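First up is the structure itself, then whatever we jot down about it.
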Amino acid sequence: MLAKFLNDKKLTFATNSANLPTSWLQTCRDLFGSFALIFYLKFRMQFHLFFKFCNINIIYYFFFKI
Numbered sequence: 064m065l066a067k068f069l070n071d072k073k074l075t076f077a078t079n080s081a082n083l084p085t086s087w088l089q090t091c092r093d094l095f096g097s098f099a100l101i102f103y104l105k106f107r108m109q110f111h112l113f114f115k116f117c118n119i120n121i122i123y124y125f126f127f128k129i
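Just so we're aligned: 98 in the working numbering is position 35 of the sequence shown, and the numbers increase by one with no gaps anywhere.
Next up, the structure:
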């Protein structure tokens, strides 16, 4: 009974160890994908706000000159 318990635990550990590199690689892939998406959206938002600010200034300058 004890031998079966120990062997079962060893097999479970071996299976988990075999899946570890795969799950670690997937985690890294997810993490780098998230970083790329964050920076992509960050720079798009900066350009969006910059051009929106420029357009507001142009509209104000041409239509509401003081």
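Note that beta-carbon positions come from the ideal geometry of N, C-alpha and C, so glycine has one too. Bear in mind the structure is a predicted one, so any value in this text is a computation, not a measurement.
Reduced DSSP secondary structure (H/G/I, E/B, other) of residue i
i, result
"Phe98", "helix"
"Phe127", "coil"
Same chain, Cβ closer than 8 Å to residue i, neighbours up to 5 away in sequence not counted
i, result
"Ile121", "none"
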